[in-house]
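**Student:** Before I ask anything, let me first share the structure, which is written out below as structure tokens.
Number of protein chains: 2
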Amino acid sequence: MRVAVIGGGAIGLLMACLLERQQVNTAIYCRTEKQASLLRENGLLYKNEGMEKVIQVHAYSIDSLAFEEDIIVICVKQPALAQLAKLLVSDLSKGKTFLFLQNGMSHVELMEELAGKERKVWAGVAEHGVMKEKDNAVYHAGEGRIRVAPVIVKPDFNWENLFGDTTKVEQNAAYIPMLSEKLLINAAINPVTALFKIKNGMLLENPHYLKLMEYLFDEALQVLELQKQKDGLLEDLYRVCRNTKNNRSSMLRDIDSGRKTEIDSISGYIITSGEKKGIDTPMTRMIYESIKGIEWEG
Amino acid sequence: MRVAVIGGGAIGLLMACLLERQQVNTAIYCRTEKQASLLRENGLLYKNEGMEKVIQVHAYSIDSLAFEEDIIVICVKQPALAQLAKLLVSDLSKGKTFLFLQNGMSHVELMEELAGKERKVWAGVAEHGVMKEKDNAVYHAGEGRIRVAPVIVKPDFNWENLFGDTTKVEQNAAYIPMLSEKLLINAAINPVTALFKIKNGMLLENPHYLKLMEYLFDEALQVLELQKQKDGLLEDLYRVCRNTKNNRSSMLRDIDSGRKTEIDSISGYIITSGEKKGIDTPMTRMIYESIKGIEWEG
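In order, the protein sequences belong to chains S and C. Reminder that position 116 of the first sequence reads as 116 in our numbering, one-by-one numbering, no gaps. Reminder that position 118 of the second sequence reads as 118 in our numbering, one-by-one numbering, no gaps.
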């Protein structure tokens, strides 16, 4: 069995490490040939709190992707996914098994389209703490779960076997609630940390930032129709802040590096989804324009 | 005729300069004896784009205020005004003429109380661009108007005569609309500039910051019941941003210096006033908690 990991960001590099740990034959497809050749020549440095290890990987530029592998793990961010969509729906990828690991929900339509067209499609959520330190180095800050759920039809695939015992894999029945819960947490945490340039833990310490986070949580909860689970999800929210208190969210890191953030896939999705349902989201619109304003300044 | 200026901040020092220019006998009452003695010993340095001039002033600590002057111009900020209130309503100040120059509307109650008790009370709005450079130095960045309006009963006083031809004084009939219009502009401009640490002009350049400003404007417009004048007031808003494009708002300067801001008198007033009228102000609540959060970090 061969696996293709698409995307050389933090999640893509981590997936390659986790798969190599299981001696799965894995190839990484990167946006640039520069990163691919760096990975081929120098290997991929995997670090966690206790160890450092160089992993030899197959790495190619995305241009050479021909879907020769059986399993395709898609780790690019939402904006890059839009560019990739044409290739994914081409005949080349028929019959393959897909795992999508994106934040937000903007990729639901694409996943459903593929699932309706002879692909075995799984939605996934990576809960690992991970930072890309260089183009060929990741720091695995916290072990988490990979949650997976089949899209539309349940395809026959055992992800627990693929990733092995060391990596926790949780199988979910429905993908929309799984993605919604992750989106809810991201919509509450990420833009506030990015706006104030704070670590996740500060959201619980500063009573005003806490209130901002809860305001955004309440709006997203309503739009995503998760009100019935409010108490449990609020506990999840606080738990994530506590467990990742020293982390800088991916949105904060994007802002600090002058990269485009995922604000459109996260807060933007809440706003447009709310509009379709006739739910106003003024607080989410405030934080959305705030992050867009900072991006605009560059 | 003798005038007491209470408060040694930017507006207080500027008022002393404008009055001294008219050779009005003026005393400044400062929060600290340190500032008062600095002013007495070294004079007050007045600067504008074309000139610098040292003005000799009478300066005392607020502890020695005995209302011996005829005219009392109150230039302290809202939080300090609360501490001063007891002294102002004491019998000592009976029969005197008051001019209140504060942002926000939290002082309306105090002004009305005094106006009902044998004081001649005027509300005022200072539209000058002014920065305090040191405890005894002000930079007068832009000439503006001083707008005045009588509170409750129209007292007999000619502010145009007091300030002379060089300082524009505009007499208004009603004080609530005058203060509301100023509050509206402040509620839209000040917290956005303070949050993003930007000069006023950037509010027109960055389309996302512009949107944030307009969101706050719309909420405040509704709470202050100024909807009928929307077009004209929106023009005023843009004009203020253009005319003060290189200015850093007082709220931004307070944040940068680690001082307490006027967020409670501005956005906080809009929120509580909205609550009394059954109008929700979610966007104003977002910016309110944002500024409070930054203040909390100190």
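Ideal Cβ positions, reconstructed from N, Cα and C, are used throughout, including at glycine.
#1: Tell me whether valine 148 of chain C, by its Cβ, gets closer than 8 Å to a heavy atom of the ligand PLP.
#2: Three-state secondary structure (DSSP) at lysine 120 of chain S?
#3: In this structure, what does DSSP give as the bridge partners for isoleucine 72 of chain S?
#4: Do we get a CB-CB distance below 9 Å when we pair proline 207 of chain S with the residues of chain C?
#5: Here's the rule: buried if 16 or more other CB atoms are within 10 angstroms of the residue's CB, otherwise exposed. What is lysine 117 of chain S?
#6: So with CB distances below 7 Å, who are the chain S contacts of lysine 292 of chain C?
#7: Do the stretch 67 to 74 of chain C and the stretch 32 to 45 of chain C touch if we need at least three Cβ pairs shorter than 8 Å?
#8: Taking all protein chains shown into account, decide if isoleucine 146 of chain S is buried (16 or more other Cβ within 10 angstroms of its Cβ) or exposed.
#9: What is the C-beta distance between tyrosine 79 of chain S and lysine 260 of chain S, in whole angstroms, given that I count them as a contact (C-beta under 8 Å)?
#10: If you compare alpha carbons, which of S/Val108, S/Met15, S/Pro282 is closest to serine 267 of chain S?
#11: Which residues bound the alpha helix (DSSP H) around methionine 283 of chain C?
#12: What's the C-alpha gap between isoleucine 72 of chain S and valine 223 of chain S?
#13: Taking the alpha helix (DSSP H) that histidine 208 of chain C belongs to, which residues open and close that run?
#14: For my contact list, glycine 293 of chain C and tyrosine 209 of chain S are in at a C-beta cut-off of 8 Å; report their separation, rounded to the angstrom.
#15: From leucine 99 of chain C to tyrosine 29 of chain C, what does the alpha carbon distance come to, in whole angstroms?
#16: Can you find a C-beta in chain S that's less than 9 Å from the C-beta of methionine 251 of chain C?
#17: For alanine 149 of chain S, which residues does DSSP report across the bridge?
#18: Rounded to a whole number of angstroms, what is the C-alpha to C-alpha distance between glutamate 52 of chain C and glutamate 20 of chain C?
#19: Suppose contacts are defined by Cβ-Cβ distances below 9 Å. Is leucine 216 of chain S in contact with isoleucine 287 of chain S by that definition?
#20: Considering Cα atoms alone, identify which of C/Pro177, C/Lys168, C/Glu297 is closest to isoleucine 198 of chain S.
#21: Of all the options C/Tyr46, C/Gln56, C/Val5, C/Gln171, which has the alpha carbon lying nearest to the alpha carbon of arginine 31 of chain C?
#22: Spatial neighbours of alanine 354 of chain C within its chain, please: CB distance less than 6 Å, with the 5 preceding and 5 following residues excluded, ordered by chain position.
#23: When the Cα of methionine 178 of chain C is compared with those of C/Glu225, C/Thr284, C/Ile74, which residue comes out closest?
#24: Starting from serine 273 of chain C, follow the alpha helix (DSSP H) in both directions and report where the run begins and ends.
#25: Run down chain C in chain order and give the residues with a C-beta less than 7 Å from the C-beta of phenylalanine 196 of chain S.
#26: Which residues in the same chain as serine 265 of chain S place their Cβ atom closer than 7 Å to its Cβ, once the five residues preceding and following it in sequence are excluded?
#27: Using alpha carbons as the reference points, say which of S/His58, S/Asn48, S/Gln23, S/Lys47 lies closest to glutamate 33 of chain S.
#28: Consider the Cβ of glutamate 41 of chain C: report whether some Cβ of chain S lies at a distance smaller than 9 Å.
#29: In its own chain, which residues sit with a C-beta less than 6 Å from the C-beta of glutamate 127 of chain C, not counting the 5 before and 5 after it?
#30: Looking only at DSSP bridge pairs, what is cysteine 30 of chain S linked to?
#31: Tell me the residue span of the alpha helix (DSSP H) that contains isoleucine 189 of chain S.
#32: Please report the distance separating the alpha-carbon of aspartate 156 of chain S from that of leucine 84 of chain S.
#33: Could you check where the beta strand (DSSP E) with glycine 142 of chain C kicks off and where it finishes?
#34: By DSSP, does lysine 260 of chain C sit in helix, in strand, or in coil?
#35: Output the distance between the C-alpha atoms of leucine 18 of chain S and threonine 26 of chain S, rounded to the nearest integer angstrom.
#36: Closer than 7 Å by C-beta to glutamine 35 of chain C: which residues in its own chain qualify, once you throw out the five before and the five after it? Chain order, please.
**Tutor:** This is what the structure gives:
#1: For the ligand PLP, the structure offers nothing, since it holds no ligand at all.
#2: Here lysine 120 of chain S sits in strand by DSSP.
#3: The partner list for isoleucine 72 of chain S (beta bridge, DSSP) reads S/Ala4, S/Phe98.
#4: Chain C, which has a Cβ nearer than 9 Å to the Cβ of proline 207 of chain S, makes this yes.
#5: Exposed, by the Cβ-count rule.
#6: Result: His208.
#7: In short, these stretches do not touch, since the Cβ pair count stays below three.
#8: Per the 10 Å Cβ criterion, buried.
#9: Reading the sequence as shown, one finds proline at residue 79 of chain S and not tyrosine. With a Cβ gap of about 6 Å, proline 79 of chain S and lysine 260 of chain S count as contacting.
#10: Closest option to serine 267 of chain S, Cα to Cα, is S/Pro282.
#11: Start and end: 282 to 297.
#12: Distance between the alpha carbons of isoleucine 72 of chain S and valine 223 of chain S is about 31 Å.
#13: Taken as a continuous stretch (DSSP letters only), the alpha helix (DSSP H) holding histidine 208 of chain C covers 207 to 223.
#14: 5 Å between Cβ atoms; contact.
#15: In a straight line, the C-alpha of leucine 99 of chain C is about 15 Å away from that of tyrosine 29 of chain C.
#16: Chain S, which has no Cβ nearer than 9 Å to the Cβ of methionine 251 of chain C, makes this no.
#17: Alanine 149 of chain S pairs with S/Ala123.
#18: If you draw a straight line from the Cα of glutamate 52 of chain C to the Cα of glutamate 20 of chain C, it is about 14 Å long.
#19: Cβ distance < 9 Å, so leucine 216 of chain S and isoleucine 287 of chain S count as in contact.
#20: Nearest of C/Pro177, C/Lys168, C/Glu297 to isoleucine 198 of chain S, Cα basis: C/Glu297.
#21: Taking each of C/Tyr46, C/Gln56, C/Val5, C/Gln171 in turn and checking the Cα distance to arginine 31 of chain C, the smallest one comes out for C/Val5.
#22: Look at the range of chain C in this structure, 1 to 298, and you will see that residue 354 of chain C is not part of it.
#23: Closest by C-alpha distance to methionine 178 of chain C, out of C/Glu225, C/Thr284, C/Ile74, is C/Glu225.
#24: From DSSP, the alpha helix (DSSP H) with serine 273 of chain C extends over 269 to 277.
#25: The answer, in chain order, is Gly293.
#26: Annotation for serine 265 of chain S: Gln78, Asn103, Gly104, Ser106 place their beta carbon closer than 7 Å to its own, counting only its chain and skipping 5 residues before and after.
#27: Out of S/His58, S/Asn48, S/Gln23, S/Lys47, S/His58 has the C-alpha closest to the C-alpha of glutamate 33 of chain S.
#28: It does not: the Cβ of glutamate 41 of chain C has no partner Cβ on chain S nearer than 9 Å.
#29: In chain order, Gly144, Arg145 place their CB closer than 6 Å to the CB of glutamate 127 of chain C, counting only its own chain and leaving out the 5 sequence neighbours on each side.
#30: Answer is S/Ser61.
#31: Isoleucine 189 of chain S: member of the alpha helix (DSSP H) spanning 175 to 196, first to last residue.
#32: Each residue's alpha carbon lies about 25 Å from the other.
#33: Segment 137 to 142, the beta strand (DSSP E) holding glycine 142 of chain C.
#34: Note: lysine 260 of chain C maps to coil in three-state DSSP.
#35: Across the structure, leucine 18 of chain S and threonine 26 of chain S are spaced so that their CA atoms are roughly 10 Å apart.
#36: Annotation for glutamine 35 of chain C: Gly8, Asp135 place their beta carbon closer than 7 Å to its own, counting only its chain and skipping 5 residues before and after.
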